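Below you'll find the structure, written out as structure tokens, and then a few comments.
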Amino acid sequence: AQKVTQAQTEISVVEKEDVTLDCVYETRDTTYYLFWYKQPPSGELVFLIRRNSFDEQNEISGRYSWNFQKSTSSFNFTITASQVVDSAVYFCALSEAREYGNKLVFGAGTILRVKS
Amino acid sequence: DTEVTQTPKHLVMGMTNKKSLKCEQHMGHRAMYWYKQKAKKPPELMFVYSYEKLSINESVPSRFSPECPNSSLLNLHLHALQPEDSALYLCASSQTEAGGTDTQYFGPGTRLTVL
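Listed below in structure tokens is the structure:
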């Protein structure tokens with residue numbers, strides 16, 4: 016069965032600090048997809064990134080970067096020079112490639128608090 | 007434009023009421039989803055519609071009744087709910103549901119309180 020573990024329940028940092036959110040996943044499939052979503056206090060889940068299991072290149076988007084390591088089944092997310100607006104709950108999620116049914120399995124989420 | 011809209015934003019209902027949640031997307035997506043999210047928990051999938059047909063029902067109680075009138079609209083009809091059904095109800099859509107590849111885009115949610 017697929018499973019996503021986000022071991023960090025809550026992280027607090029001071030503005031401009033770098034912070035890394037950990038995500039470890041379990042799946043038996045060779046083809047799968049990993050996602051990160053941000054959920055600010057307003058409630059909407061905001062899509063950040065999708066990565067497929069065949070693409071192990073790291074990605075950078077502005078202050079955000081992602082490190083995908085298949086060998087350790089990890090897909091970690093780093094925010095550089097954090098800002099107060101980054102305060103949110105961050106979810107890592109896994110979707111297996113199936114012929115029928117697109118189901119996202121979410122980790123428990125990490126609450127990030129950025130203080131000014 | 008990745009926008010999914012949901013109405014109402016907040017809903018308070020009694021256990022004997024009948025109400026409906028509405029979700030709309032104009033991205034041409036053919037798969038739509040309902041999720042339930044309890045406080046401090048991740049979203050949990052309830053239903054998936056693909057090409058306007060119900061494709062996944064995650065053993066949701068019958069007091070929740072989904073409906074997909076067309077490819078842009080998704081409703082969730084509520085009847086005889088319990089206080090433990092109070093939660094944030096999130097709608098999402100994706101291009102298709104095939105192969106688990108498509109990104110799901112979420113709406114802002116409806117915060118439901120059952121008294």
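Chain order of the listed sequences is A and B. Each position in the first sequence, counted from 1, maps to that position plus 15 in our numbering. Each position in the second sequence, counted from 1, maps to that position plus 6 in our numbering. From the three backbone atoms N, C-alpha and C, an ideal C-beta is built for every residue, glycine too. Because the structure is a prediction, the values reported are computed rather than measured.
Item: Complete beta strand (DSSP E) runs within the region 37-106 of chain B (minimum length 3 residues, chain order); Value: 37-43, 50-56, 59-63, 70-76, 79-85 and 93-100
Item: Ser179 (chain A) classed as buried or exposed, judged by whether at least 16 other C-beta atoms fall within 10 angstroms; Value: Coverage of chain A is limited to positions 16 through 131, which leaves residue 179 (chain A) absent and any answer about it impossible.
Item: Within-8 Å CB hit, Phe112 (chain B) to chain A; Value: yes
Item: Buried versus exposed call for Lys42 (chain B) [16 or more other C-beta atoms within 10 Å across all chains shown]; Value: buried
Item: 6 Å CB neighbourhood of Val19 (chain A) in its chain, flanking five on each side removed; Value: Tyr40, Cys107, Leu109, Val120 and Gly122
Item: Asn117 (chain A) at chain B interface by Cβ criterion, 8 Å; Value: yes
Item: Cα-Cα separation between Val99 (chain A) and Thr35 (chain A), rounded to whole angstroms; Value: 15 Å
Item: Residue from A:Thr24, A:Glu30, A:Lys53 and A:Ser88 whose Cα sits closest to the Cα of Lys130 (chain A); Value: A:Glu30
Item: Segment contact, 8 Å Cβ cut-off, at least three pairs: the region 69-88 of chain B with the region 26-35 of chain B; Value: yes
Item: Chain A contacts from the region 43-64 of chain B (Cβ-Cβ distance under 7 Å); Value: Pro48, Pro49, Leu51, Val54, Ser61 and Ile62
Item: Residue-chain proximity (Leu60 (chain A), chain B), Cβ-Cβ < 8 Å; Value: yes
Item: Minimum Cβ-Cβ distance from Thr11 (chain B) to chain A less than 8 Å; Value: no
Item: Phe90 (chain A) versus Glu59 (chain A) - alpha carbon distance; Value: 22 Å
Item: Minimum Cβ-Cβ distance from Arg66 (chain A) to chain B less than 8 Å; Value: no
Item: Ranges of the beta strand (DSSP E) found wholly within the region 19-47 of chain A, counting only runs of at least 3; Value: 25-29, 34-36 and 39-41
Item: Under 9 Å by beta carbon: chain B residues contacting Gly77 (chain A); Value: Within chain B, no residue comes near Gly77 (chain A); the closest Cβ sits about 18 Å away, beyond 9 Å.
Item: Rounded Cβ spacing between Ser77 (chain B) and Glu50 (chain B) (contact assumed at less than 8 Å); Value: Their Cβ separation, rounded to whole angstroms, is 24 Å, which puts Ser77 (chain B) and Glu50 (chain B) out of contact at 8 Å.
Item: Cβ-based neighbour list, Asp44 (chain A), same chain, cut-off 6 Å, excluding 5 preceding and 5 following; Value: Glu111
Item: Own chain partners of Ala103 (chain A) with C-beta closer than 7 Å, once the 5 adjacent residues on each side are dropped; Value: Lys53, Gln54, Pro55 and Leu127
Item: Cutoff 8 Å: Thr109 (chain B) Cβ touching any chain A Cβ; Value: yes
Item: Closest residue to Gly124 (chain A) among B:Thr11, B:Thr13, B:Phe112 and B:Lys47 (Cα-Cα distance); Value: B:Lys47
Item: Extent of the continuous beta strand (DSSP E) to which Val10 (chain B) belongs; Value: Val10 to Thr13
Item: Residues, ordered as in the chain, of the region 10-42 of chain B that lie near chain A by beta-carbon distance below 7 Å; Value: Ala37
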